[in-house]
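> Please see the structure below; I have some questions.
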Amino acid sequence: MSEPPTIRVGSPKPARQLFIPVVGENADLCDRFIRTAMAGREAPFGEIELEGWALLLKRMSEPPDRDPTWAPRFSVADGALLLAQHLDRASLTALSERLQAVPNRDERPLILLFCRPEGVREFKIGCPICGQKLWVQDAEIGKMGRCVRCDARIEIVSPADVLRRELQLSDRTPILSVDPTDAGLCRGAIANLIARKGFGVRPDSGVSPADFLKKATVPIRSS
Ligand SMILES: [Zn+2]
19 MSEPPTIRVG
29 SPKPARQLFI
39 PVVGENADLC
49 DRFIRTAMAG
59 REAPFGEIEL
69 EGWALLLKRM
79 SEPPDRDPTW
89 APRFSVADGA
99 LLLAQHLDRA
109 SLTALSERLQ
119 AVPNRDERPL
129 ILLFCRPEGV
139 REFKIGCPIC
149 GQKLWVQDAE
159 IGKMGRCVRC
169 DARIEIVSPA
179 DVLRRELQLS
189 DRTPILSVDP
199 TDAGLCRGAI
209 ANLIARKGFG
219 VRPDSGVSPA
229 DFLKKATVPI
239 RSS
């Protein structure tokens, strides 16, 4: 006769722990994402429980060559979330530096998140010729536009296409859109990662119009 199963009272449920760096060039965005995922608790790092996993999230927004914790943290990381917001040249260069510094990034579960609040229908890109920052509307995706500064013709592609091309991401790295203030979406993105594991310038400021354009982000002109 077999023994009835013993009920153990008060024994801690074994939590499987994962460490997930939240990588991005914008510290505020990383913190907002972590705070949202943790339902309002403190960034820049914190622990949440999700689908039986204890997850430690940590903002990593410093340039890798200036962050002495980069290598030790990635030696124990179980994956990484990369956060993108703006798609102008400077933002993409900064994000690319961080992506390139992720060790074993081809084998490591990685997800790139394009972060934009719900209801926003525009995003910032950079002119491929002169670098001018330009706002484009979602409705302009698939159309041609012209840079207001150098007049170059620009094919307007989706944020995901810009990110995949500019960061040279393989198809194995998913790109998801999330609202960084939506807890369900932020947690969904983390759950997706776990599943993948298998577990302004004033006109009188003396700045020339060309410099102003270079620093400001302006709407793209219709072609
Ligand atoms: Zn241009």
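If you count by this note's numbering, then the sequence shown holds residues 19 to 241, one letter each, in order. Beta carbons are placed, not taken as given, at the ideal position from N, Cα and C, and that holds for glycine. Since we're looking at a predicted model, the values are computed, not measured.
1. Suppose you measure from the CA of Asp-106 to the CA of Phe-141; what does that come to, to the nearest Å?
2. For a quick check, are the C-beta atoms of Phe-51 and Val-40 less than 8 angstroms apart?
3. What do you get for Ala-213, buried or exposed, if any count of 16 or more other CB atoms within 10 angstroms of its CB means buried?
4. Count the other CB atoms within 10 Å of the CB of Val-138; is the residue buried (16 or more) or exposed (fewer)?
5. Measure the alpha-carbon distance for Ile-38 versus Arg-77 and round it to whole angstroms.
6. Do the segment 147-157 and the segment 197-215 touch if we need at least three Cβ pairs shorter than 8 angstroms?
7. Thinking just about the alpha-carbon of each residue, which of Pro-192, Pro-177 and Arg-167 is nearest to the one in Arg-134?
8. Alpha carbon to alpha carbon, how far is Pro-82 from Cys-48?
9. If you draw a straight line from the alpha carbon of Arg-34 to that of Phe-132, how long is it in whole angstroms?
10. Given this structure, state the Cα-to-Cα distance separating Lys-161 from Val-175, to the nearest angstrom.
11. Between Asp-68 and Ala-209, how many whole angstroms is the CB-CB distance? I'm expecting something under 8 angstroms.
Put simply:
1. 9 angstroms
2. Against a cut-off of 8 angstroms, the Cβ pair of Val-40 and Phe-51 comes out as a contact.
3. exposed
4. Counting the other Cβ atoms within 10 Å of the Cβ of Val-138 gives fewer than 16, which makes it exposed.
5. 9 angstroms
6. no
7. Pro-177
8. 15 angstroms
9. 28 angstroms
10. 8 angstroms
11. Note on identity: in this sequence residue 68 is Leu, with Asp being the wrong assignment. With a Cβ gap of about 6 angstroms, Leu-68 and Ala-209 count as contacting.
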